[in-house]
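Protein chains in written order, with this note's numbering: chain A, 10 to 334; chain B, 13 to 317; chain C, 8 to 513; chain D, -12 to 318. Where is the CB? At the ideal position from N, CA and C, for every residue including glycine.
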Amino acid sequence: MSRLLKHREVFLFLAILLVLVLVTARFPRFAQPGNLLTIFNDTSILMMLALGQMAVILTRSIDLSMAANLALTGMIVAMTNAAFPGVPVPLLMAMCVVVGAGLGAFNGVLVWKLNIPPIVVTLGTLTIYRGLVFVISGGAWVNAAQMSPDFINLQRAVFLGLPLLSWFAIVTALLFWVVMTRTPLGRSLYAIGVNPTASVYTGINVGRTKFYAFVISGAVAGLCGYLWISRYVIASVEVAGGYELTIIAACVIGGVSIAGGIGSVAGVLLGAIFLGVINNALPVINISPFWQMAISGTAILLAVVLNARGERRQGRVILKKAEAV
Amino acid sequence: QTRIALVVKSLGNGFFDAANKGAQEAAAELGDVEVIYTGPTAATAEAQIEVINSLIAQQVDAIAISANDPDALVPALQKAMERGIKVISWDSGVAPEGRQLHLNPSETALIGETIIKLAADYLPDGGDVAILSASSTATNQNAWIEAAKAVLPEKFPNINLVSVVYGDDDSVKSTDEAKGLIASYPDLKAIIAPTTVGVVAAAQVVTDQNLIGKINVTGLALPSEFKQFIDNGASQAVALWNPIDLGYAAVMLANDLVKGGEAKPGAVLSMGRMGELTLDDTNSGAMAAPFTFDKSNIEEFSKIY
Amino acid sequence: MKPKTMTDPILTLSGISKSFPGVRALHDVSLELYAGEVTALIGENGAGKSTLVKTLTGIYQPDAGEIRVGGQRVTLPTAHSASALGITAIHQETVLFDEMTVAENIYLGHAPRGRFGLIDWRTMRAEAQETLDSMAAGIDAGIKLRELGIAKKHLVAVARALSIDAQVVIMDEPTAALSQKEIEDLYVLIELLKQDGKAILFISHKFDEIYRIADRFTVFRDGEQVGKGFIRDTSQGQIVQMMVGRAVDQIFPERTAVIGQTVLEAKGLSHPTEFEDISFFVREGEILGFYGLVGAGRSEVMQAVFGLTRTSAGTLSLDGAAIAPRSPADAVDAGIVYVPEERGKQGVITGEPIFKNVSLPSLGKTSKSGFLRMAEEFALARTYTERLDLRASSLSQNVSTLSGGNQQKVVIAKWLATLPKVIILDEPTKGIDIGSKAAVHGFMAELVAQGLSVIMVSSELPEVLGMSDRIVVMREGRVIDTLDNKGLKPETLVRLAAGIAEEQAA
Amino acid sequence: MTDTSLHRSLPNRLDNPLKSAVLSWESLLVVVVVAIFILNSFASPYFLNAWSLSDLTFNFTEKALIALAMALLIIAGEIDLSVAAIIALASTMMGLALQYGADTPTLVAVGVGIGILCGAFNGFLVTGLKLPSIVVTIGTMSLFRGIAFIILGDQSFKGYPATFSWFGQGYVWWVISFELVLFLVCALIYWVLLHRTNFGRRIFAIGNNDVAAKFSGVRVDRIKFILFCLTGLMSGIAAVLLTARLGSTRPSIAEGFELEAITMVVLGGVSILGGAGSILGVVLAALIVGLVTFGLGLLNVPGIVMTIFTGTLLIVVIALPILFRMWRQRA
Ligand SMILES: Nc1ncnc2c1ncn2[C@@H]1O[C@H](COP(=O)(O)OP(=O)(O)OP(=O)(O)O)[C@@H](O)[C@H]1O
Ligand SMILES: Nc1ncnc2c1ncn2[C@@H]1O[C@H](COP(=O)(O)OP(=O)(O)OP(=O)(O)O)[C@@H](O)[C@H]1O
Ligand SMILES: [Mg+2]
Ligand SMILES: [Mg+2]
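What follows is the structure in structure tokens.
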């Protein structure tokens, strides 16, 4: 048991259960399967984005431009849909992935070829991408009436009892799990974070691998651009404004180390769900919405403290080793 | 050449784009007036102040503003007035010391009553209703909600207002809040959203959760953005004034002041084709009554604004 | 020794040059490596040895020259292309992944693949275990690398080299951090590699081991190749002559210091996990040696004295007055300074110039009411770097561009400038060439002659025996004995440090 | 070839200081400032006007004040994303104090004091609990502003006394505003602090290698803690100015300031990885951001489009020297 508890995923899972139990005690309807599935569905986009962000953070980088990328790709796809309602939605989604990956690749190239620190690059592109949303749309919103029914309803279609949106998240998570644990690319992402110098010596092209990480986060952001727009049926400049920090918060709560090299798919999913549960629970148990921000801030701080406790090295314990001999 | 700046809460909002149409119409009618349509992208007071500062530097003749914050803009607008610029607020007002007059789209009390009535009309037996507002700092929304609360006890005794929540004119936040309302109040019969962003978000949630027919969404909405929810039954009816007229009137009033008109309690100023505005003792006046859209007329108006 | 076979070399370098801004690290050097032979690469600090290694493994690109593998001319644009050609290296710094398993450390970059080209963890683990077992490493391939000691990590690096199936194995000072026992194990391994027909390039500052395992040698001086030949045809003196361009006597300096009052005294220092009941004292003008096997906890004790780690029990006194440094700053104020073991990480601030490194702890003295006075800083830096014969182009040269030995001199200069009472030197000559080593030793003698107290932590027997007045032997976090260095036999120290009973050692 | 002959006196430096000054980052920024200034005067007839130029300064002084302290923090290898939230909390507390009848000096003390407290809280979490500052301040950013929301909800505080408003709206002489004067004075203080004192030298050492700095007897944690407090202090001062300028407090005040302040710092040539940077660069960068936004504002370019310019400027200004170096190496 104590061994299990060492895994922060287990700890996080218990924390989420605790919140569920507490809320349910006051409000039984909250824990109904239907509501839980709704929370999962509501959190799907955050989960996907956080997974993309994890790929970047693992390499000791950070992508502050994900939300802006999402907004830009979302605006592009919404305008395309408004202008050419006949284009099939799967094609539009493919377009989102490509556009998003392209925007991510731009970050990646600057990081790779020019060696500019990622936080600077994405701080710059964060404003550029969001500005471009305004430029291409002229500031006008694309609203529900302009979108085709297919465009809006695809993610709402139910398959095996779950909306497609949830399935997108599930498939993305599986894909990430395979890539992270079973492919050279995934392992390289970890390796770079653990020890960049050693990675060079091992023959990993650090710059190019970081580039791939940004392409991954960009592609995810692009796909989420479509999902976000069709979910909230409005495309505007302000879409997902400030969401970049929520994405990072989900990663942090999920145990991704900002110093790179540490993090798991399961942890990130739980981190996102934790935020989702908190956000859903507060209005339900009638806590003033004005408390929401302070509570999630506290949650982030607690998560960091707990994670740091877990990560802290226990020294070399010379005496203990001596006794054991 | 008279230059009048039409400053809005945020660019890209369909409502304000429509207002700009009316403003340009007024400029064309007046001939010697140029309208500068501007505003921040995010609906914050600080961003609006930067816009005001640059307008002061450009020495425009008048500023007509729909404010993100009634108080925070006062110092900046006072500075504008000191430099000889005429300042009026419209739609969402500024505290009296920060402007020369305020143009309400409609009587506050009337709007407050209308939004409740829109819900009550379809609830013959009464029931629970909740309000999903814009940001908690929005002047106009807050005033309407106060007015609505005031008329409830006598005119609509069987309507029970259970909660007021704020979606900050942000579609995600509005969506979350609407969901929260539905989850917390199982007997909820109507959601009233006196804001164009919130009302769309709420209607989408009701559509998504298959609650059409159980929960009626109503409030203030742009016909073009809201048409589909009248069509699919998520909403029976919504109301709004004509933003084109509002923009038109704002420019006309600003022009009046520039050309020598004086804003003081009791004064009567011309709004061109919209008639005349009579100022009350806080130097504000109302344009017209809100207009209701339902299945019968939404098609027609959705093509206009 | 096997007979000399004049086969063609596996790897040939010719005319290789490499410059860094302001530094010519390699100039027109050549090198041949032969199958089944160990070639020792010898040179002072900064001679360009590690630079050559990095050029050979695709980490640096040479400015000129050519590399031939098996007669074929090749380029090595990345580390990957080098290992694809069968060139692998155990670098001077351990370059492995703490957070990953041993198996993955061995196979990262060339992991066995299963279905759909996905990494096959099970096979990887099994093969890694096999390699480790063949080396008799006694390491479980499934645990995280973090759990291993520094010596075992080196073994993992060797296993990695083996797993690549290299023709050329390069070892850049592999024994610097190893204990005697582990060094012996390494020799066995190298012998195995030789029998396998691999060409080995071995870099070391220790002549005993060069003479023990190398067949050939190549000497570098200031980035140029100044000599090569067969080890058994050349004397140590001749090689040293080539290295430094002059004769160096390896005799430890005569010391004339008069030993005075007790300066620093520790009584019963304990730490919850690292050490227990440590007592020692050091007197004016005395060098106190701390001997033990690597990992005995000597550094931990010194860092506690320096205020870096908290002790759970025990007292410290300086000149008879109790002190309790809670931070290095406190210790420095009291007059205790510490030259750390990990120069690059703890010793120098690599991004800054020499003079800023030297003045950092003395800013209080060079400044005037908190405001900097650069002229004073330069004067201070010049005084002490000159006394240590620091080799650099200017005092504003970035420390990162200095070689290891010269970086060490910067650290020592920094502390001398604070005019300390007690100076603790942790492995002061680790990875330092023979010329600089003598300089450091000479300087220690000078320090005690001036009345300072020196504590020297060292794992090198000759150094401990040659320099110390008294020797504290530590093992597994405890003081085993404190001995007067008069007629001490090396075996006694080794026995105490390793915990071997007297009869067995005999 | 490096001369390594024995017993030779080492020169202080080899390079020509004048040459390196001309090729420095700051001179690049000066060129950019002048270029934008000239462009602005051509683009708008209203630009070259004392009052316009004075109004211009209000667009950046508050953020630039924070950027000064943030520069030190980033040079030391840490970061504070919570500065805007500190403004919100400090402003809210001032409003609360006002409700209890506080006079102007008390209000200022409350604002500045809360700033320092918040900074100290960040500093404690980072240095005391050894947590990474970027995550800590993402957390406190929500926490501080969250507390402001809890206190204020949908309300606002207003009715600040006129003497208080002077801090944000007053002029010291003619068109020279109090905010501008305060910024210039603070810039001078920070310049001296960073470039001319032991404290500043230690900040650089910490940013380059905090372990080695600690081993060199630098009290790393204490200095980092002080830097967080300084950043809090400057946020508190910015809160006073902004509140006085707006004449009211809402919990949503100063949203997005943190990224703008960091942009100024980075544009000013401070290495985000720590260990390098200058105050002059930060001041110039603040000026650039102010000039660009005001200039585009005069042309009624929407704010969001301006951000494209600042974002591009940030990347281009940082990429240019790198590209130049790569080009020269190839040649
Ligand atoms: N990345 C670099 N940038 C600038 N100069 C460098 C760099 N790497 C090495 N040098 C310089 O090149 C020269 C050779 O260094 P190298 O590390 O190869 O020496 P070494 O022979 O391995 O010394 P040691 O025995 O101390 O390890 C030194 O003067 C060093 O300062
Ligand atoms: N498992 C390990 N992981 C990482 N670094 C280690 C490990 N073991 C030792 N080191 C590093 O290698 C160096 C040598 O450590 P060592 O094992 O000698 O311990 P120590 O406490 O310094 O003992 P002593 O000084 O008696 O040799 C130290 O600087 C230490 O930081
Ligand atoms: Mg070397
Ligand atoms: Mg040691």
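For the segment 63 to 86 of chain B, the beta-carbon criterion of a distance under 9 Å to any beta-carbon of chain D is satisfied by V63, N65, S66, L67, I68, A69, Q70, Q71, D81, P82, D83, A84, L85, V86. For C:I419, the enclosing alpha helix (DSSP H) has its first and last residue at 411 to 423.
For the pair D:F215 and D:G110, the CB atoms are nearer than the 8 Å cut-off. Using a cutoff of 7 Å, the CB of C:A96 does not count as near ligand 1, since none of the ligand's heavy atoms is closer than that. Using a Cβ-Cβ distance cut-off of 8 Å, the segment 139 to 151 of chain A and the segment 19 to 29 of chain A are not in contact, since fewer than three pairs of beta carbons, one from each stretch, lie closer than that value. With a threshold of 8 Å between beta carbons, A:V32 makes no contact with chain B. Excluding five sequence positions before and after D:F131, the CB atoms of its chain that fall closer than 8 Å to its own CB belong to S69, A72, I73, A75, L76, C105, given in chain order. Beyond the five residues adjoining it in sequence on each side, C:R228 comes within less than 8 Å, by CB distance, of G50, E51, A54, M249, M250, V251, G252 in the same chain, given in chain order. Below the 8 Å Cβ cutoff, chain A contributes N152, A153, V242, I243 as neighbours of B:V212, in chain order. For B:M264 and B:A150, the gap between their C-alpha atoms comes out near 25 Å. At least 8 Å separates the CB of D:S31 from every CB of chain A. Residue pairing for B:A190: DSSP places it in no beta bridge. Residues G43 of the same chain have their beta carbon placed closer than 6 Å to that of C:K201, with the five preceding and five following residues left out of the count. Under the Cβ criterion of 8 Å, D:S(-4) is counted among the residues facing chain C.
Neighbours of C:F104 across chain A, judged by C-beta separation under 9 Å: Y199, A200, V203, N204, A207, S208, T211, G270. Of the heavy atoms belonging to ligand 1, none sits nearer than 7 Å to the Cβ of C:A452.
Comparing C-alpha distances from D:T250 to each of D:L15, D:I295, D:Y147 shows the shortest one belongs to D:I295. Contiguous beta strand (DSSP E) elements confined to the segment 207 to 264 of chain D do not occur, taking only those with 3 or more residues.
If you draw a 10 Å sphere on the C-beta of D:P92, you find fewer than 16 other C-beta atoms in it, and that means exposed. Here A:M75 is actually not in contact with A:L278; their C-beta atoms are around 17 Å apart, not less than 8 Å.
Note that the segment 175 to 194 of chain D touches the segment 59 to 68 of chain D; at least 3 beta-carbon pairs, one per stretch, sit closer than 8 Å.
Residue-level contact check: C:G438 does not touch chain A, since none of the beta carbons of chain A fall below 8 Å from its beta carbon. Not flagged as an interface residue toward chain A: C:H161, since no C-beta distance is shorter than 8 Å.
In this structure, the beta-carbon distance from C:E39 to C:T62 does not fall below 8 Å. The beta carbon of C:I23 sits closer than 6 Å to those of L33, V36, P69, G72, all from its chain and outside the five residues before and after it, given in chain order.
In this structure, DSSP gives C:E383 a helical state, which the three-state scheme calls helix. Beta-bridge partners assigned by DSSP to C:T322: C:K274. Straight across, the Cα-Cα distance linking A:D159 with A:A91 is about 12 Å. For A:T192, the neighbours in chain C by C-beta distance under 9 Å run, in chain order, G124, L125, I126.
L23: these are the residues of the segment 18 to 30 of chain B whose beta carbon lies less than 8 Å from some beta carbon of chain D, given in chain order. Residues of the segment 273 to 290 of chain D whose Cβ lies closer than 8 Å to any Cβ of chain B, in chain order: T280, F281, G284, L285, N287, P289, G290. Under the three-state reduction of DSSP, B:N116 is assigned to strand.
Residues of chain C with a Cβ closer than 9 Å to the Cβ of D:K201 are, in chain order, L315, S334, P335, A336, Q353.
In its chain, beyond the 5 residues on either side, G26, F27, A30, T208, L252, P255, Y317 have a beta carbon closer than 8 Å to the beta carbon of B:L234. Within chain A, R196, A200, T211 have C-beta atoms less than 7 Å from the C-beta of C:L115, given in sequence order.
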